[in-house]
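Just so we're aligned: 150 in the UniProt record's numbering is position 150 of the sequence shown, and the numbers increase by one with no gaps anywhere. By construction, the Cβ of each residue, glycine as well, lies at the ideal position given by its N, Cα and C atoms. Quick caveat, the model's predicted, so the values are computed rather than measured. The structure appears below as structure tokens.
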Amino acid sequence: MPESLVVLGGGAAGMSAASRARRLRPDLRITVIESTKMVSHAPCGIPYFVEGLFDDENLFMTYTPSYFERERKIEVLTNTVAKEVDLDSRVVRTDNGKALEYDWLVVSLGALPKTLPNVKGNRVYYVHHPAHAVEIRERLWSMNKIAVIGGGILGVEMAEALSAVGKKVVLIHRGPYILNKMLDQDLGDVVTKLVQGKVELHLNESTEEIGENYVKTDKGKYQVDGVVLALGVTPNVAMFKEKLQLGTTGAIKTNSRMETSVKGVYAAGDVAETTHVVSRREVWMPFAPVANKMGFVAGSNIGGKVTEFPGTVGNMITKFQDMFIGKVGLNEIEAKEVGFRPISATIKSKTRARYYPGAKDIYVKLVADEDSKRILGGQIVGGEEVLGRLDSVSVALMKQLTVEEMFFAEMGYLPAISQVWDPLTVAARQLLKA
């Protein structure tokens, strides 16, 4: 009988692991257990679905369950929950009575949305899984005034989506500025000013109670028709708390091959901990590109090809209306927390040559270590050409470039999309003076 792989969770990491293992091991029996009707799904698309930018919920899936079964010979059990995992006997039992024996197990159960203790009523919504996107959109579209709790990435995206379809949005955030866990205050203030002009924004307020048609904070009470909770997520590890070693972040601890503390068991995606390339500290980065590569690494090793995940630099980007907002590596606060002596330079520039029409503002902040002059991170906010520059900083972090090396890195120039002195180059030049 051929060896078997069971994958718990059919999201980005799970399907990447299953697909990679299949490519390397045509003989392997592979079964994926997914609690919803969707696999290889894209939760990041939910705000854009709520905004009405597309209507077909099947577009949330890169590939359908039938595609995996037909083309890749991977058995996919949708609407099925893994109720028990016996790591000693290597058996997974499901809610519909199946008992699946395995030689290899990949835990890719993702994350769960954070909640608050005093939540009442049935008009509170968590934007988390695309399988529920149709119902959430229908309900939110029927309302006029909606509170969004949380000024992180998801909160900003939902505030944008709801305001775009004509809803009055009350955005409540306990931080001093929008995206305060992502950006330093100088760029955070730029984003906050933009958001403040489009929605009713309440900063430095902690939510104490949510009722059927109100939100009560430590500073006031707001009448609303419904509430979106966007407080972030937490790793879905309840099933394995007593079975696998957890890391300092609360996610499952893995080595660079995505192996857990139990032989033959791998963890990948939002459920797994990894290492930050810059700080060398354990981190938890619940983002799709990281999850996909973790799954690829787990599947590679199961398939017999030794592969290591190098860690993450935390490349993240979002948008609010016409402004793109990105961060990679460490901000100044994070750099100090892990023992660096950060120096930084923040510049404001234009995205096109002075004579080319349509130029937009762009802000670039680079953070470096005063002692080694190594680049530690970057933050970019602008109307266009943000992602490419953010990715350039990402590569610089992976390769541990210094400020001088960043300055001399050759950036392309076209008047329609850049200036001859690229904003990244200008920011590095400012750091050279420090």
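Consult DSSP for residue i and reduce its assignment to one of helix, strand or coil.
{"i": "residue 305", "result": "coil"}
{"i": "residue 147", "result": "strand"}
{"i": "residue 272", "result": "strand"}
{"i": "residue 71", "result": "helix"}
{"i": "residue 400", "result": "coil"}
{"i": "residue 368", "result": "strand"}
{"i": "residue 251", "result": "coil"}
{"i": "residue 2", "result": "coil"}
{"i": "residue 416", "result": "coil"}
{"i": "residue 261", "result": "coil"}
{"i": "residue 35", "result": "coil"}
Drop a sphere of 10 angstroms on the beta-carbon of residue i, count the other beta-carbons inside from all chains shown, and report buried for 16 or more, exposed for fewer.
{"i": "residue 425", "result": "buried"}
{"i": "residue 180", "result": "buried"}
{"i": "residue 284", "result": "buried"}
{"i": "residue 137", "result": "buried"}
{"i": "residue 223", "result": "exposed"}
{"i": "residue 127", "result": "buried"}
{"i": "residue 430", "result": "buried"}
{"i": "residue 408", "result": "exposed"}
{"i": "residue 117", "result": "exposed"}
{"i": "residue 52", "result": "exposed"}
{"i": "residue 327", "result": "buried"}
{"i": "residue 315", "result": "buried"}
{"i": "residue 89", "result": "exposed"}
{"i": "residue 414", "result": "exposed"}
{"i": "residue 66", "result": "exposed"}
{"i": "residue 104", "result": "buried"}
{"i": "residue 355", "result": "exposed"}
{"i": "residue 62", "result": "exposed"}
{"i": "residue 167", "result": "buried"}
{"i": "residue 25", "result": "buried"}
{"i": "residue 115", "result": "exposed"}
{"i": "residue 372", "result": "exposed"}
{"i": "residue 248", "result": "exposed"}
{"i": "residue 270", "result": "buried"}
Express the C-alpha separation of residue j and residue i in angstroms, rounding to a whole number.
{"i": "residue 289", "j": "residue 79", "result": "25 angstroms"}
{"i": "residue 171", "j": "residue 303", "result": "47 angstroms"}
{"i": "residue 54", "j": "residue 146", "result": "21 angstroms"}
{"i": "residue 198", "j": "residue 259", "result": "46 angstroms"}
{"i": "residue 428", "j": "residue 173", "result": "33 angstroms"}
{"i": "residue 30", "j": "residue 1", "result": "13 angstroms"}
{"i": "residue 254", "j": "residue 400", "result": "24 angstroms"}
{"i": "residue 404", "j": "residue 397", "result": "13 angstroms"}
{"i": "residue 395", "j": "residue 107", "result": "29 angstroms"}
{"i": "residue 46", "j": "residue 139", "result": "14 angstroms"}
{"i": "residue 294", "j": "residue 252", "result": "13 angstroms"}
{"i": "residue 210", "j": "residue 420", "result": "52 angstroms"}
{"i": "residue 121", "j": "residue 212", "result": "4 angstroms"}
{"i": "residue 13", "j": "residue 292", "result": "5 angstroms"}
{"i": "residue 101", "j": "residue 3", "result": "10 angstroms"}
{"i": "residue 229", "j": "residue 383", "result": "28 angstroms"}
{"i": "residue 109", "j": "residue 21", "result": "18 angstroms"}
{"i": "residue 206", "j": "residue 411", "result": "44 angstroms"}
{"i": "residue 225", "j": "residue 231", "result": "19 angstroms"}
{"i": "residue 50", "j": "residue 195", "result": "18 angstroms"}
{"i": "residue 37", "j": "residue 227", "result": "26 angstroms"}
{"i": "residue 262", "j": "residue 286", "result": "23 angstroms"}
{"i": "residue 460", "j": "residue 406", "result": "No answer is possible for residue 460: it lies beyond the span of the chain, which begins at 1 and ends at 434."}
{"i": "residue 324", "j": "residue 318", "result": "6 angstroms"}
{"i": "residue 438", "j": "residue 19", "result": "Lying outside 1 to 434, the shown extent of the chain, residue 438 is not represented and no answer is given."}
Which same chain residues, not among the five before or five after residue i, have their C-beta less than 7 angstroms away from its C-beta?
{"i": "residue 331", "result": "183, 184, 367, 377, 379"}
{"i": "residue 177", "result": "185, 188, 189, 192, 203"}
{"i": "residue 311", "result": "274, 275, 276, 277"}
{"i": "residue 169", "result": "146, 148, 159, 162, 163, 199, 200"}
{"i": "residue 69", "result": "75, 76"}
Based on the DSSP secondary-structure assignment, which residues constitute the bridge partners of residue i?
{"i": "residue 106", "result": "7, 266"}
{"i": "residue 125", "result": "228"}
{"i": "residue 207", "result": "217"}
{"i": "residue 61", "result": "41"}
{"i": "residue 349", "result": "362"}
{"i": "residue 326", "result": "317, 380"}
{"i": "residue 222", "result": "215"}
{"i": "residue 333", "result": "Partner(s): none; residue 333 has no beta bridge."}
{"i": "residue 85", "result": "92"}
{"i": "residue 169", "result": "146"}
{"i": "residue 202", "result": "172"}
{"i": "residue 101", "result": "91"}
Could you name the residues of the same chain whose beta carbon sits closer than 8 angstroms to that of residue i, not counting the 5 residues immediately before and after it, in chain order?
{"i": "residue 385", "result": "351, 362, 417, 418"}
{"i": "residue 435", "result": "No information on residue 435 is available, as it lies outside the stretch 1 to 434 that the chain covers here."}
{"i": "residue 243", "result": "85, 87, 262"}
Among the residues of its own chain, which have a CB less than 6 angstroms from the CB of residue i, if the five just before and after it don't count?
{"i": "residue 434", "result": "343"}
{"i": "residue 34", "result": "10, 78"}
Strictly under 8 angstroms for the Cβ-Cβ distance: is residue i near chain B by that measure?
{"i": "residue 49", "result": "In the structure shown, chain B does not exist; there is a single protein chain."}
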